[in-house]
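Asks:
2 protein chains.
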Amino acid sequence: MRAHDLVTAVPAVRLDSPAIEAARLLASRELPGLVVVDDRGVPVAVLDGTQVLRLGVPAYIQDDPTLAHVLDEAHADVFLRELGDRTVGQCLPDEPDEVDVVSPTANLLEVAALMARSRSPIVAVVDPVQGLLGVITLATLMVRVTA
Amino acid sequence: MRAHDLVTAVPAVRLDSPAIEAARLLASRELPGLVVVDDRGVPVAVLDGTQVLRLGVPAYIQDDPTLAHVLDEAHADVFLRELGDRTVGQCLPDEPDEVDVVSPTANLLEVAALMARSRSPIVAVVDPVQGLLGVITLATLMVRVTA
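So the protein sequences, as listed, match chains A and B. Just so we're aligned, residue 2 is where the first sequence starts under the working numbering, counting upward by one. Just so we're aligned, residue 2 is where the second sequence starts under the working numbering, counting upward by one.
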């Protein structure tokens, strides 16, 4: 079995998509993560779900999560509203991670090793000619390799 | 809203559980991760799904995923069998990560900040008296905070 056998199509988000829409897409589809593409459709980032969530966590609280404790419950419930109109691109870290991409011909251990090393439950499958084919999720891979 | 409002009960795995069973549990329940408990039921690790997968990826391939490429497809498909009889405890890294735990009274931003910082889509909810109450998953949190 090869990577192309496990590909799932998912909607990609663009660098200029509103970050709040990315969060809603993740929530409504129960996706483990999202692929961010530039305006030519080329993947520029693969964000696992916690990284999408992180887009909306204020920097000072990322640095020291205990500071969140002093926030009252009502404000803590709606922290994502602070995202306002910011785009996905504006919320990405200045030093982006390596983009988690596999070739359609990668074997399952290559896919597993990439997920394990990058701690990402989603990797993009990119063909040299056709471009982004879709993603492989950890759930799909786990079902195959434990069968 | 507080952490205790979002708790889901999940089966914990023990340090002496076979690692292959942990992988199968993750796959069959489509869980984002697992809580590992000691023989008193106290959480000693919270593993996200990629860390459970990692239990079965040989160390030399974790160090250099490109080495997996030379494996033939049939062997790559069944790499998890290499786990044999090893237990979860035997597969954990020598220097364990911090255990991702929140108090039942934590607010949602505290939960989000912990997930974002630890890059874990699952955190354990532990009461000082009652012990492990269950977990909060990223999917559950995302639905709440994007509503």
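In this text, a Cβ means the ideal position worked out from N, Cα and C, and glycines have one as well.
Applying the criterion that 16 or more other CB atoms from any shown protein chain within 10 Å of the CB defines a buried residue, is G34/B buried or exposed?
Replies: When all chains shown are included, G34/B counts as buried.
Asks: Mark A101/A as exposed unless 16 or more other C-beta atoms lie within 10 angstroms of its C-beta, in which case mark it buried.
Replies: The identity of residue 101/A in the sequence shown is Asp, whereas the question assumes Ala. Looking at its Cβ environment, which holds 16 or more other Cβ atoms inside 10 Å, D101/A is buried.
Asks: Check the Cβ of Q63/A against every Cβ in chain E and list those closer than 8 Å, keeping chain order.
Replies: Although the question refers to chain E, the structure presented lacks it and instead comprises the protein chains A and B.
Asks: Using the Cβ count rule (16 or more neighbours within 10 Å means buried), how would you classify A190/A?
Replies: A question about residue 190/A goes unanswered here, because the residues of chain A that appear run from 2 up to 148.
Asks: What did DSSP end up calling P44/A once you bin it into helix, strand or coil?
Replies: Three-state DSSP puts P44/A in a strand.
Asks: Confirm, please, whether the CB-CB distance from L84/B to V1/B is below 9 Å.
Replies: Within the shown structure, residues of chain B are numbered from 2 to 148, placing residue 1/B beyond reach of any answer.
Asks: I'd like to know if the stretch 105-118 of chain A and the stretch 40-58 of chain A are in contact, where contact means that at least 3 CB-CB pairs between them fall below 8 Å.
Replies: These segments do not touch.
Asks: Quick check on R3/B: buried or exposed, where buried means 16 or more other Cβ atoms within 10 Å of its Cβ?
Replies: It is buried - the Cβ of R3/B has at least 16 other Cβ atoms within 10 Å.
Asks: Give the single residue among P19/A, R25/A, L134/A and R120/A whose Cα lies nearest to the Cα of A148/B.
Replies: Nearest of P19/A, R25/A, L134/A and R120/A to A148/B, Cα basis: R25/A.
Asks: Nearest-angstrom Cα distance between V89/B and D86/A?
Replies: About 44 Å.
Asks: Since A24/B is in the alpha helix (DSSP H), which residue starts that stretch and which ends it?
Replies: Looking at the DSSP string, the run of the alpha helix (DSSP H) that includes A24/B is A20 to R30.
Asks: Going by DSSP, what residues sit across from G132/B in a beta bridge?
Replies: Paired residues: D128/B.
Asks: Specify the secondary structure class of R15/B as computed by DSSP and reduced to three states.
Replies: DSSP places R15/B in strand when its eight states are reduced to three.
Asks: When every heavy atom of the ligand GDP is checked, does at least one fall within less than 8 Å of the C-beta of V71/A?
Replies: Although the ligand GDP was asked about, the structure shown includes no ligands whatsoever.
Asks: Which residue from N108/A, V103/A, R145/A and I137/A puts its Cα closest to that of D128/A?
Replies: It is V103/A whose Cα lies nearest to the Cα of D128/A.
Asks: For T106/B, I'd like the list of residues in its chain whose CB is within less than 8 Å of its CB, leaving aside the five on either flank, ordered along the chain.
Replies: Taken in chain order, the residues that qualify are R3, A4 and H5.
Asks: What residues are listed by DSSP as bridge partners for G34/B?
Replies: According to DSSP, which records beta bridges pairwise, G34/B is partnered with D49/B.
Asks: Would you say E99/A lies against chain B (beta-carbon separation less than 9 Å)?
Replies: So, not an interface residue.
Asks: Keeping to the same chain, check which residues put their C-beta closer than 8 Å to that of P19/B; ignore five residues upstream and five downstream.
Replies: Within the same chain, P19/B has close Cβ partners L84, D86, R87, T88 and V89.
Asks: Return the Cβ separation of P97/A and T51/B in integer angstroms, given the expectation that the two are a contact with Cβ distance under 8 Å.
Replies: Their Cβ separation, rounded to whole angstroms, is 19 Å, which puts P97/A and T51/B out of contact at 8 Å.
Asks: Using the Cα positions of T9/B and L134/B, report the straight-line distance between them to the nearest angstrom.
Replies: Each residue's alpha carbon lies about 8 Å from the other.
Asks: I want to see whether chain A comes within less than 9 Å of T1/B, judged by CB atoms only; does it?
Replies: With chain B running from 2 to 148 in the structure shown, residue 1/B is simply not present.
Asks: Taking V146/A as the reference, give the member of E22/B, R15/B and R120/B with the closest Cα.
Replies: Considering only alpha carbons, the answer is E22/B.
Asks: Whose CA, out of E31/A, V71/A, F80/A and S119/A, lies closest to the CA of D65/B?
Replies: Nearest of E31/A, V71/A, F80/A and S119/A to D65/B, Cα basis: S119/A.
Asks: Taking E111/B as part of the alpha helix (DSSP H), name the residues at either end of that continuous run.
Replies: L109 to S119 is the extent of the alpha helix (DSSP H) around E111/B.
Asks: Tell me the start and end of each unbroken alpha helix (DSSP H) in the stretch 67-108 of chain B that is at least 4 residues and wholly inside, in chain order.
Replies: Here the runs fully enclosed are 74-78 and 89-92.
Asks: In chain B, which residues lie less than 7 Å from V144/A when you measure between Cβ atoms?
Replies: Ordered by position in chain B, the residues that pass the 7 Å Cβ test against V144/A are A28.
Asks: P122/B touches chain A at which residues, Cβ-Cβ below 8 Å?
Replies: In chain order: P33, D49, G50, T51 and P122.
Asks: Thinking C-beta only, is L32/B closer than 9 Å to L72/A?
Replies: It is not a contact, given that the beta carbons lie outside the stated cut-off.
Asks: Residues bridged to I123/A by DSSP?
Replies: For I123/A, which the question treats as bridged, DSSP gives the partners T138/A.
Asks: Compare the C-alpha of V79/B against each of V144/A, A13/A, V11/A and A46/A and name the closest.
Replies: The shortest C-alpha separation from V79/B is found at V144/A.
Asks: Check distances from the C-beta atoms of the stretch 13-27 of chain A to those of chain B and list, in chain order, the residues that come in under 7 Å.
Replies: The stretch 13-27 of chain A vs chain B, Cβ under 7 Å: A24, R25 and L27.
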